[in-house]
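Have a look at the structure below before the remarks.
Residue numbers (the UniProt record's numbering): 1 to 345.
Have a look at this one:
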């Protein structure tokens with residue numbers, strides 16, 4: 001009888017242990033599914049200068065192994081970067097042509113980035129988003145932190161937030177918003193791992209952006225994406241961004257939206273708000289010859305340039321100064337935004 005009772009007790013204990021282990025396993029599995037849904041955007045903090053100012057360069061559509069004047073633009077970026085004592089560089093995407101990177105060992109990373117942007121002033125963090133050409137390659141390779149062992153400057157994620165004491169900059173993965181890459185990819189193959197199912201991906205991204213922007217207490221709010229919301233360049237406006245992203249930016253009083261994609265430089269001001277739309281996509285191949293200033297019926301375009309170049313931005317608590325440069329480093333356009341007045345002068 002005693003033996004039978006001990007055996008029953010042991011069996012009961014084993015069942016309890018098994019149930020506990022099962023519950024633990026199910027909890028882990030459940031968390032594995034919940035974490036991606038509950039995860040917020042990655043946040044990176046960057047210090048400002050001792051005088052509470054910030055300066056940086058913005059360039060896009062550049063990665064062509066130095067060709068199409070990429071090296072010349074890089075040289076001028078180095079010169080202006082030294083003059084302004086920049087804190088970092090923003091890349092608006094299409095970082096490696098024509099089809100992104102093949103792997104973390106792809107020599108294109110060094111040939112188009114490390115060996116091109118060699119100026120001392122450019123040895124600062126490069127905060128980068130993906131463009132549509134990057135999605136034609138191995139996306140995970142370009143996002144892989146292993147690349148930082150090749151070049152410590154490289155910081156690239158799908159979407160993230162860069163926080164400073166002056167400005168919160170929201171980097172947005174815009175390529176998955178664009179319908180045609182899914183419905184009419186032509187002869188291109190896109191790497192949608194990590195994106196599909198697309199509807200869930202975009203819904204989660206918009207939800208996270210709303211939360212991050214709503215909780216931001218920064219004096220300034222900027223956003224960065226590859227595709228233009230407003231543009232008079234070759235590709236023009238991006239309808240899906242106007243529908244899904246623009247309302248989020250407006251509701252949260254974003255001051256500036258910066259993009260690439262169109263291989264030109266342009267500045268469009270909002271007709272019904274304070275937001276400025278800035279295109280810096282002249283990092284290499286440009287001169288398409290098809291800017292559309294005649295389409296600007298409301299005369300909101302302040303500057304259009306069909307050529308290579310880049311942009312700088314200097315800011316403090318009260319104002320932000322935007323300058324556009326050509327391939328020779330000449331200032332083509334400048335614009336000052338006053339935070340106190342919420343208007344451009």
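Glycine included, each C-beta is placed from N, C-alpha and C at the ideal position. These figures come from a predicted structure and were not determined experimentally.
Are the Cβ atoms of residue i and residue j separated by less than 8 Å?
{"i": "residue 161", "j": "residue 170", "result": "yes"}
{"i": "residue 78", "j": "residue 147", "result": "no"}
{"i": "residue 262", "j": "residue 299", "result": "no"}
{"i": "residue 264", "j": "residue 282", "result": "yes"}
{"i": "residue 308", "j": "residue 69", "result": "yes"}
{"i": "residue 99", "j": "residue 46", "result": "no"}
{"i": "residue 95", "j": "residue 142", "result": "yes"}
{"i": "residue 186", "j": "residue 231", "result": "no"}
{"i": "residue 149", "j": "residue 41", "result": "no"}
{"i": "residue 292", "j": "residue 319", "result": "no"}
{"i": "residue 105", "j": "residue 74", "result": "no"}
{"i": "residue 242", "j": "residue 278", "result": "no"}
{"i": "residue 214", "j": "residue 252", "result": "yes"}
{"i": "residue 188", "j": "residue 93", "result": "no"}
{"i": "residue 88", "j": "residue 124", "result": "yes"}
{"i": "residue 325", "j": "residue 76", "result": "yes"}
{"i": "residue 61", "j": "residue 113", "result": "no"}
{"i": "residue 285", "j": "residue 136", "result": "no"}
{"i": "residue 168", "j": "residue 128", "result": "no"}
{"i": "residue 433", "j": "residue 126", "result": "Residue numbering for the chain in the displayed model covers 1 to 345; residue 433 lies beyond these limits and cannot be assessed."}
Can you tell me whether DSSP reads residue i as helix, strand or coil?
{"i": "residue 168", "result": "strand"}
{"i": "residue 213", "result": "helix"}
{"i": "residue 32", "result": "Confidence at residue 32 is low in this model, with a pLDDT of 31, below 50, so its placement is unreliable and no value can be given for it."}
{"i": "residue 117", "result": "coil"}
{"i": "residue 265", "result": "strand"}
{"i": "residue 304", "result": "strand"}
{"i": "residue 332", "result": "strand"}
{"i": "residue 174", "result": "coil"}
{"i": "residue 65", "result": "coil"}
{"i": "residue 326", "result": "strand"}
{"i": "residue 105", "result": "coil"}
{"i": "residue 127", "result": "strand"}
{"i": "residue 320", "result": "strand"}
{"i": "residue 291", "result": "coil"}
{"i": "residue 100", "result": "coil"}
{"i": "residue 338", "result": "strand"}
{"i": "residue 149", "result": "helix"}
{"i": "residue 84", "result": "helix"}
{"i": "residue 122", "result": "helix"}
{"i": "residue 21", "result": "Because the pLDDT at residue 21 is just 38, under 50, the model does not fix this residue reliably, and the point stays unresolved."}
{"i": "residue 59", "result": "strand"}
{"i": "residue 161", "result": "strand"}
{"i": "residue 245", "result": "coil"}
{"i": "residue 271", "result": "coil"}
{"i": "residue 91", "result": "strand"}
{"i": "residue 37", "result": "Note on residue 37: pLDDT 38, under 50, position unreliable in the model; the coordinate value appears next. In the structure shown, residue 37 sits in a helix (DSSP, three-state: H, G or I)."}
Less than 8 Å between the CB atoms is what I'm expecting for residue i and residue j, so what's the real figure, rounded?
{"i": "residue 57", "j": "residue 311", "result": "7 Å"}
{"i": "residue 238", "j": "residue 228", "result": "6 Å"}
{"i": "residue 166", "j": "residue 219", "result": "6 Å"}
{"i": "residue 59", "j": "residue 103", "result": "Not a contact, Cβ separation roughly 24 Å."}
{"i": "residue 191", "j": "residue 144", "result": "Not quite, the Cβ-Cβ distance comes to about 13 Å (not below 8 Å), so this is no contact."}
{"i": "residue 245", "j": "residue 172", "result": "7 Å"}
{"i": "residue 276", "j": "residue 256", "result": "5 Å"}
{"i": "residue 175", "j": "residue 130", "result": "6 Å"}
{"i": "residue 314", "j": "residue 339", "result": "With 8 Å as the limit, residue 314 and residue 339 do not qualify as a contact, their Cβ atoms being about 13 Å apart."}
{"i": "residue 329", "j": "residue 80", "result": "6 Å"}
{"i": "residue 72", "j": "residue 327", "result": "5 Å"}
List the residues that DSSP assigns as beta-bridge partners of residue i.
{"i": "residue 256", "result": "222, 276"}
{"i": "residue 310", "result": "325"}
{"i": "residue 45", "result": "163"}
Should residue i be counted as a contact of the ligand NAP given a C-beta to heavy atom distance under 7 Å?
{"i": "residue 93", "result": "As presented, the structure is devoid of all ligands, the ligand NAP included, so that no description of it is given."}
Which ranges would you report for the beta strand (DSSP E) in the stretch 184-230 if only whole runs of at least 3 residues count? 220-225
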